[in-house]
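Taken in order, these protein sequences are the chains called A, B and C.
Counting in this note's numbering, the first sequence runs from 47 upward without gaps.
Counting in this note's numbering, the second sequence runs from 47 upward without gaps.
Counting in this note's numbering, the third sequence runs from 47 upward without gaps.
The C-beta atom is built at its ideal place from N, Cα and C for all residues, glycine as well.
Reviewing the structure listed below.
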Amino acid sequence: MLGKCLENVRANGPLVHNITNYVTVNDVANVLLACGGSPIMSDEPEDVEDITAICGGLNINIGTLNKNSIEGMFKAGKKAIELGHIVLLDPVGAGASKLRTDTAVKLMDEIHFSCIRGNISEIKTLSLGSGTTKGVDADVADTVTEESLDTAIRFVKDFAKKTDAVVAVTGAIDLVSDGERCFVIRNGRPEMGKITGTGCQLSGLATAFLVANSDNRLEAVAAAVCTMGLAGEIGWSNMKNGDGNSTYRNRIIDAIYNMDGETLDKGAKYEIR
Amino acid sequence: MLGKCLENVRANGPLVHNITNYVTVNDVANVLLACGGSPIMSDEPEDVEDITAICGGLNINIGTLNKNSIEGMFKAGKKAIELGHIVLLDPVGAGASKLRTDTAVKLMDEIHFSCIRGNISEIKTLSLGSGTTKGVDADVADTVTEESLDTAIRFVKDFAKKTDAVVAVTGAIDLVSDGERCFVIRNGRPEMGKITGTGCQLSGLATAFLVANSDNRLEAVAAAVCTMGLAGEIGWSNMKNGDGNSTYRNRIIDAIYNMDGETLDKGAKYEIR
Amino acid sequence: MLGKCLENVRANGPLVHNITNYVTVNDVANVLLACGGSPIMSDEPEDVEDITAICGGLNINIGTLNKNSIEGMFKAGKKAIELGHIVLLDPVGAGASKLRTDTAVKLMDEIHFSCIRGNISEIKTLSLGSGTTKGVDADVADTVTEESLDTAIRFVKDFAKKTDAVVAVTGAIDLVSDGERCFVIRNGRPEMGKITGTGCQLSGLATAFLVANSDNRLEAVAAAVCTMGLAGEIGWSNMKNGDGNSTYRNRIIDAIYNMDGETLDKGAKYEIR
Chain A
47 MLGKCLENVR ANGPLVHNIT NYVTVNDVAN VLLACGGSPI MSDEPEDVED
97 ITAICGGLNI NIGTLNKNSI EGMFKAGKKA IELGHIVLLD PVGAGASKLR
147 TDTAVKLMDE IHFSCIRGNI SEIKTLSLGS GTTKGVDADV ADTVTEESLD
197 TAIRFVKDFA KKTDAVVAVT GAIDLVSDGE RCFVIRNGRP EMGKITGTGC
247 QLSGLATAFL VANSDNRLEA VAAAVCTMGL AGEIGWSNMK NGDGNSTYRN
297 RIIDAIYNMD GETLDKGAKY EIR
Chain B
47 MLGKCLENVR ANGPLVHNIT NYVTVNDVAN VLLACGGSPI MSDEPEDVED
97 ITAICGGLNI NIGTLNKNSI EGMFKAGKKA IELGHIVLLD PVGAGASKLR
147 TDTAVKLMDE IHFSCIRGNI SEIKTLSLGS GTTKGVDADV ADTVTEESLD
197 TAIRFVKDFA KKTDAVVAVT GAIDLVSDGE RCFVIRNGRP EMGKITGTGC
247 QLSGLATAFL VANSDNRLEA VAAAVCTMGL AGEIGWSNMK NGDGNSTYRN
297 RIIDAIYNMD GETLDKGAKY EIR
Chain C
47 MLGKCLENVR ANGPLVHNIT NYVTVNDVAN VLLACGGSPI MSDEPEDVED
97 ITAICGGLNI NIGTLNKNSI EGMFKAGKKA IELGHIVLLD PVGAGASKLR
147 TDTAVKLMDE IHFSCIRGNI SEIKTLSLGS GTTKGVDADV ADTVTEESLD
197 TAIRFVKDFA KKTDAVVAVT GAIDLVSDGE RCFVIRNGRP EMGKITGTGC
247 QLSGLATAFL VANSDNRLEA VAAAVCTMGL AGEIGWSNMK NGDGNSTYRN
297 RIIDAIYNMD GETLDKGAKY EIR
């Protein structure tokens, strides 16, 4: 089932507009190409409406936001919604600064996101809806573990219902819910945390998967999450003596480039709750 | 002959000022180093005149333009022209948004470019000179094929004559013309389209080749195009099981790093029309 | 001794705020992860104070400065000082443009840096304290060679005393001084100059090493410099036929990822003068 979602991306070749941070933008572009999509980047307010109009989906990532690009996010988001496009929010660093928290909350107020993807700390900040500054440590909720799983699933389902979005909370265990069902995904490797931008890459992937599977949004995002995690496992199995996090980054993207639907179906590790 | 152009780059070590997009900028810098040049990046209007003054050439790429960097493009371009430097335009996304089309057209009005490099769709947009927004699909002209080759060559020659620039239209078949002669180049691999930024990298290369071969501009750009395409072939031949587009990106830049004039002369596949 | 500094970084996991250029930012992030630290990037004036407050150190790199990010540098720097954090300056291109020179000099006037790291040309520009524009060539002082070593050591010691900072001048021979002692370091490979951003990466590393070894600042920076140079040697020894500067970039970061204190102690090549 999830494999079919990947095959649809390859068949459909979705064009994805990214307003994303300059740290990981190159990897986001290459991951989109690896899965069969096409990336376009544009954050200038005068440019974003035209660009998003020719795309199928919009990926908004606030990782290195500035006043000009924030204006671009609102303009692009509203235009994309007007056109019925997929819009995803990656609230990088929400909770770590007032500007980031406020921007993410305001974006959610004014734009109906198809999907929100972040770590548990960022998503908890958004669920509180408050714009106060919290340090990373003060705000870190318990990570999702086998012990806290039931509570976390309930939280993600509730937040998905409240936002009418597919919500993906990623970490050691990934949760993807549309408010009714929740995919509990156990793909991936801990070493992925030693590469900058695997989360940003996943947000790009999820946008492409949603565009190519817009009638099947929960499965689309779950498939993107499994693709990323499985690529982390395959990439790791291809590591050689002396390889480290920089080579691992390449191997993960390579693994996505080479993945087909059958491989994804065989390698995806999830249960539905 | 083309090999000599590459050797001149290695001997000359041209310093190239790049105002380029933040998606592919790191690869552009590493490609310039790989061919024997040196990169400097600067887009702030208050900084660009000083920076361009110490360089031999300027590479303007509008891939992630914003209002501030657009001002930088005009300032740097005018200063570079005043100093008799090489200036190249890469009109990324011209035709895809009004801002991009207008910016590229206005740049061409105010700055006499030594070279313009883009895909067929971008160059056709510029040749119409209009600032209206066209979606990517609406604006896509036929790609250059064996069937449309004669027409395409005539178009590129005419545009080169009109702009008094070396024009490079790159795709499956690459065309490089100064208005009189046209190099028809058949190097490269289709998989290069699965890497972000091979076009941006080529624009950086072409600028360095022009600076180091300023008396021989048509050959300089043809040599840069062949270098990129041949590196794509050599890089591909070095791919191993499990490698994908991310590793391919590295292998292409590596191939440029290791290329000498003799290899280029042997591997370049072109005819002159 | 230097190995212990690296082990402290891995044990401490310092969070480093980077205001750095968009050319090499991804590599800076991956290098920080490779050594055991964590990177955050933010340059928007309204965002930087909150972000720097949750970090242990701040790395300011003026490589692609613009008016907005310059304001961010001052705001972040003052906040970091107020909080007693480590602050490092990497004056990329000081001497190459009036804006860069003036910005670096003004930053030094208003912020007490813990460390200043650059090439000999940049540091000489800062030591003159003048804001006049000098071309790269006009400003290039003699590189540090065995012949000019005594003079260079005296210069670096004097500049460190004057600025009350650890000063690192990197090149073929690296000098690191706190004004009293000077580490003369002979690690590294000339091919590192064919990769963009090894200097920027080192500035990120040095910030992390300083945060995790704040009572031992001279050794901390010397350890970072030796780590980078030794990684260049190890990475080079892992190069295979056909590899070039792009693969070398990955291998250097990989070598840092795999380095332990014992390897660093064995491989570090320095004398103290």
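CB of residue i within 7 Å of CB of residue j, strictly
i	j	result
Val379/B	Ile169/B	The structure shown has nothing for residue 379/B, since chain B only spans 47 to 319.
Ser249/B	Asp89/B	no
Thr149/C	Ile116/C	yes
Gly130/B	Ala254/B	no
Val271/A	Val222/A	yes
Val74/A	Asn64/A	yes
Glu95/C	Lys113/C	no
Residue i: contacting residues in chain B (beta-carbon distance under 7 Å)
i	result
Val69/C	Val71, Asn72, Ala75, Met87
Beta-carbon proximity list for residue i, same chain, < 7 Å, skipping 5 on both sides
i	result
Arg263/C	Ser160, Val212, Asp224, Leu256
Gly175/B	Val151
Alpha-carbon spacing of residue i relative to residue j, whole angstroms
i	j	result
Ile231/C	Lys315/C	6 Å
Lys312/A	Cys51/A	14 Å
Ile86/C	Thr244/A	14 Å
Gly275/A	Trp282/A	11 Å
Cys246/C	Ala140/C	14 Å
Glu156/A	Leu195/B	50 Å
Tyr303/A	Pro60/A	15 Å
Lys124/A	Asp93/A	14 Å
Asn105/B	Asp306/B	24 Å
Thr70/C	Ile280/A	27 Å
Met285/B	Arg295/B	11 Å
Ala266/C	Leu48/C	7 Å
Lys152/A	Met119/B	33 Å
Leu78/A	Phe229/C	46 Å
Lys240/C	Ile199/A	49 Å
Ala99/C	Cys81/C	22 Å
Thr242/C	Glu226/A	49 Å
Glu317/C	Ser173/C	25 Å
Val190/B	Asn76/B	29 Å
Val182/A	Ser143/C	Its pLDDT being 42, under 50, Val182/A is placed unreliably in this model, and the value from its coordinates should be taken loosely. Going from the Cα of Val182/A to the Cα of Ser143/C covers about 38 Å.
Asn233/A	Gly290/B	21 Å
Glu308/A	Val62/A	25 Å
Asn72/C	Thr197/C	36 Å
Gly102/B	Leu251/B	13 Å
Chain-ordered chain B contacts of residue i [CB-CB under 9 Å]
i	result
Leu79/A	Gly239, Lys240, Ile241, Thr242, Asn291
Arg146/C	Ser88, Asp93, Asp96, Ile97
Asp261/A	Within chain B, no residue comes near Asp261/A; the closest Cβ sits about 23 Å away, beyond 9 Å.
Asp306/A	Within chain B, no residue comes near Asp306/A; the closest Cβ sits about 12 Å away, beyond 9 Å.
Asn114/A	Asn112, Lys113, Asn114
Listed by chain order, chain A residues near residue i by CB distance under 7 Å
i	result
Lys170/B	Ordered by position in chain A, no residue passes the 7 Å Cβ test against Lys170/B, which lies about 16 Å from the chain.
Cβ shell of residue i (< 6 Å), same chain only, five flanking positions each side left out
i	result
Met238/B	Thr244, Gly278
Asn58/B	Ala258
Asp220/A	Ile231, Val271
Ile299/A	Asn76, Val77, Ala80
Arg319/C	Ile199, Cys228, Val230
Amino acids of chain A, ordered along the chain, whose beta-carbon sits closer than 8 Å to that of residue i
i	result
Leu111/B	Glu90, Asp93
Ser223/B	The contacting residues do not exist; Ser223/B stays about 28 Å from chain A at best.
8 Å CB neighbourhood of residue i in its chain, flanking five on each side removed
i	result
Val138/A	Asn67, Asn107, Ile108, Gly109, Arg146, Gly164, Glu168, Gly245, Cys246
His158/B	Ile127, Val133, Asp210, Ala211
Pro236/A	Ala218
Ser260/A	Ile132, Ala266
Contact set between residue i and chain C, taken where Cβ atoms lie within less than 7 Å
i	result
Asn107/A	Simply none; closest approach about 12 Å.
Contact test: residue i Cβ vs the ligand FMN heavy atom, cutoff 6 Å
i	result
Thr242/C	As presented, the structure is devoid of all ligands, the ligand FMN included, so that no description of it is given.
Contact list for residue i against chain D, beta-carbon separation under 8 Å
i	result
Asp300/C	The structure shown has no chain D; the protein chains it does contain are A, B and C.
Chain C residues whose Cβ lies nearer than 8 Å to that of residue i
i	result
Asn284/B	Gly288
Partners in chain C for residue i, counting only beta-carbon separations shorter than 9 Å
i	result
Ser167/A	Those do not exist, as Ser167/A stays about 12 Å from chain C at its closest Cβ, beyond 9 Å.
Within chain A, partners of residue i - CB distance below 9 Å
i	result
Asn18/B	One cannot answer for residue 18/B here, as it falls past the ends of chain B, which runs 47 to 319.
Which runs of the alpha helix (DSSP H), 4 residues or longer, sit entirely within the region 198 to 264 of chain A? Qualifying alpha helix (DSSP H) stretches, in chain order: 244 to 258.
Which full runs of the beta strand (DSSP E) of 3+ residues lie inside the region 86 to 161 of chain A, going along the chain? With a minimum length of 3 residues, the continuous beta strand (DSSP E) runs that stay inside the region 86 to 161 of chain A are 103 to 107, 132 to 136.
Run through the region 276 to 313 of chain B for me and flag every whole alpha helix (DSSP H) of 4 or more residues, listed as ranges in chain order. Taken in chain order, the complete alpha helix (DSSP H) segments of 4 residues or longer contained in the region 276 to 313 of chain B are 291 to 304, 307 to 313.
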